[in-house]
Structures are given as structure tokens and as C-alpha cells.
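Residue numbers (the numbering used here): 1 to 273. Here's the structure we're looking at; comments come further down.
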């Protein structure tokens with residue numbers, strides 16, 4: 001039987017990903033993020049997951065506004081990286097896993113009707129965090145895509161419930177596998193509008209604390225609460241609730257780190273069940 005060995009919450013800031021890819025992680029201004037990230041990477045190396053479920057939002061590099069699903073899952077044998085204007089170094093495709101089909105069926109039985117994608121390109125929302133936690137690639141991947149870009153969006157409570165359903169679905173996998181769940185995005189940032197460039201440090205730190213001890217309170221917040229507190233792009237933070245819902249109520253927090261940099265509050269969280 002498969003079991004979840006841990007959960008990671010991680011920002012997918014393009015600036016942090018670029019710094020990692022281009023050898024800037026040792027610069028002093030980045031140490032608040034990359035020093036704790038080194039501990040997460042070592043944990044992933046030692047934990048040796050057989051499967052990673054990654055939760056992310058596509059930034060209009062695969063889906064577009066004419067057809068953007070509320071929730072989707074990749075069921076492909078591999079996932080190429082979206083070019084994103086040539087901003088990234090070339091990396092090999094991310095390997096998929098046949099367990100995706102079983103997870104999709106199990107989630108359907110639990111009233112989560114995900115759009116299934118036999119082709120799916122990963123932009124920085126998924127590919128960035130995956131190589132931040134382990135050079136490409138730490139394990140085969142099952143991707144879950146969440147709409148955080150256009151209304152209507154899924155409520156935070158719905159994403160928390162998806163995490164709980166995912167926990168049950170993973171437990172039903174017949175293969176003996178060690179599964180890591182990674183929630184990406186956030187924390188606070190706004191790229192346009194009257195709050196553009198603002199980092200809501202108090203909101204971010206409270207979010208990280210509640211994600212450990214009181215995730216239900218984060219799930220109870222509205223979309224408007226997230227946008228007001230974390231900014232328009234900070235809505236991505238609610239994707240961490242899928243990861244947290246997949247873990248038990250009580251968890252062991254191995255690492256929590258926060259580094260406000262540029263226009264984004266960079267968050268990092270490592271939990272064990």
C-alpha cells in the first residue's frame with residue numbers, strides 16, 4: 001500500500017528559480033531562501049520518494065482563457081517544459097507515473113471530477129519547485145493543476161477537501177510506494193494594481209504558522225480574504241491546502257522558512273505525518 005511520507009509547501013518565484021538555475025544561490029541576498037532549501041533537498045534525497053504529487057497553477061503557458069479547467073490532472077508518460085519565451089535552461093521532460101490513472105479514478109469516486117490531460121507542458125509553476133527540491137528529477141510525478149487565474153476559482157475549502165480525498169486515493173494504490181506531496185505558489189505578491197510590489201509579511205508569517213497547526217482556519221477563508229491579504233497573485237497560496245489536506249491533522253514540522261525578496265514573500269515548509 002502506498003503511503004505519504006511528507007509534504008512540502010514552496011513558492012515558485014521565477015526569480016528564485018532563475019537564481020538556482022544560474023548559480024546565484026550563494027549570493028548573500030538569497031541565503032534566507034536557499035539555506036533552508038538545502039535542508040529540504042537533503043531530506044528529499046534521504047527520503048527517496050517513489051512518486052511526487054505536485055500541485056500548481058499554469059500561467060497561461062499550456063492552458064489559456066478559452067479553456068482553463070478548474071481542476072486538472074496529468075496522466076501522461078512524461079511532461080515537457082513550456083518554453084516561456086526561452087527564459088529557462090534546457091531540462092529533460094519530467095517523468096510521469098501510471099498511478100495517475102488510478103488516482104484520477106479514486107478522486108472521481110470522491111466527487112472530484114478533474115480534467116484529465118494526456119498532454120501537459122510544465123511551466124515554472126511546476127518545473128521550478130520540482131528542480132528546487134531535487135535536481136531533475138527526484139521522482140516520477142503526478143501533476144494536479146488548479147485554476148488561480150480567472151473567476152470562478154475553487155474555494156480554499158474545496159482545495160483542502162481535495163487534499164483529504166487525495167490522501168484516501170493514495171492509500172488505495174496497490175503498489176508499495178513512498179509518496180511526497182508538494183504544494184506550490186505564493187506567498188503574498190501582486191504584479192499589478194494599487195498593491196503591486198507589496199509583500200504582506202504579517203499575512204505570510206501567519207499563513208505559515210496556521211498551515212502547521214490550524215489549516216482548517218485557512219481553508220475557511222474566502223477567495224476575497226486571500227486576495228485582500230496576500231494580493232491578487234497571492235491567491236496561489238491556497239494550493240498549499242491540497243498538500244496540507246493530504247496530511248493528518250497533527251504533523252511534525254521539520255522546517256518553516258520565510259524570505260521576503262523582490263516582489264514576493266518566499267515561503268518554504270516541510271512537514272512529516
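Beta carbons are placed, not taken as given, at the ideal position from N, Cα and C, and that holds for glycine.
- [ ] With DSSP collapsed to three states, give me the class of residue 33.
- [x] helix
Open item on the list: Check for me: the beta strand (DSSP E) holding residue 73 runs from which residue to which?
Closed with: 71-74
Task: Sequence-distant residues of the same chain with beta carbon closer than 7 Å to residue 236, five excluded per side - done: 57, 148, 185 and 186
TODO: Figure out for me which residue from 44, 43 and 25 has the closest Cα to the Cα of residue 35.
DONE: Taking the Cα of residue 35 as reference, the smallest distance to any Cα among 44, 43 and 25 is reached at 25.
TODO: Below 8 Å on the Cβ atoms is my guess for residue 73 versus residue 146; work out the distance and round it to an integer in Å.
DONE: In fact, because the Cβ distance is near 11 Å, the residues do not count as touching under 8 Å.
TODO: Taking 8 Å as the cut-off, decide whether the C-beta atoms of residue 211 and residue 32 are in contact.
DONE: Result no, Cβ atoms of residue 211 and residue 32 do not sit closer than 8 Å.
Task: Where residue 236 falls: helix, strand or coil (DSSP) - done: helix
Task: Cβ-based neighbour list, residue 91, same chain, cut-off 8 Å, excluding 5 preceding and 5 following - done: 81, 127, 131 and 136
Open item on the list: In the DSSP assignment, the beta strand (DSSP E) including residue 267 goes from what residue to what residue?
Closed with: 264-272
TODO: May I ask you to verify whether the segment 12-30 touches the segment 63-77, counting CB pairs closer than 8 Å and requiring at least 3?
DONE: no
TODO: Assuming residue 140 contacts residue 238 (C-beta within less than 8 Å), just tell me the rounded distance between them.
DONE: Actually they do not touch by this definition, with Cβ atoms about 26 Å apart.
- [ ] Could you tell me how far apart the beta carbons of residue 133 and residue 40 are, in whole angstroms, since I believe they sit closer than 8 Å?
- [x] 6 Å
Task: Member of 154, 204 and 60 whose CA lies at the smallest distance from the CA of residue 260 - done: 204
Task: Pick from 264, 153 and 246 that is closest to residue 16, judged by C-alpha positions - done: 264
Open item on the list: Tell me which residues share the same chain as residue 99 and place their Cβ nearer than 8 Å to its Cβ, disregarding the 5 neighbours each side in the sequence.
Closed with: 2, 51, 142, 173, 175 and 177
Task: Sub-8 Å separation of residue 241 and residue 219 beta-carbons - done: yes
- [ ] Take the Cβ of residue 49 as the centre, count every other Cβ of all protein chains shown within 10 Å, and call the residue buried at 16 or more, exposed below.
- [x] buried
Task: Beta-bridge partners of residue 145, as assigned by DSSP - done: 56 and 72
- [ ] Put residue 245 into one of helix, strand or coil per three-state DSSP.
- [x] helix
Task: Range covered by the alpha helix (DSSP H) that runs through residue 170 - done: 156-171
TODO: Assign residue 175 to one of three DSSP states: helix, strand, or coil.
DONE: Taken through DSSP and simplified to helix, strand or coil, residue 175 comes out as coil.
- [ ] With a threshold of 16 other CB atoms inside 10 Å of the CB of residue 6, please say whether the residue is buried or exposed.
- [x] buried
Open item on the list: Alpha carbons only, please: which of 228, 217 and 208 is nearest the one belonging to residue 193?
Closed with: Cα-wise, what sits closest to residue 193 is 228.
Task: Which listed residue (231, 267, 106 and 197) has its alpha carbon closest to that of residue 164 - done: Considering only alpha carbons, the answer is 106.
TODO: Evaluate residue 46 with the Cβ neighbour count: other Cβ atoms within 10 Å of its Cβ, from every protein chain shown; 16 or more gives buried, anything less gives exposed.
DONE: exposed
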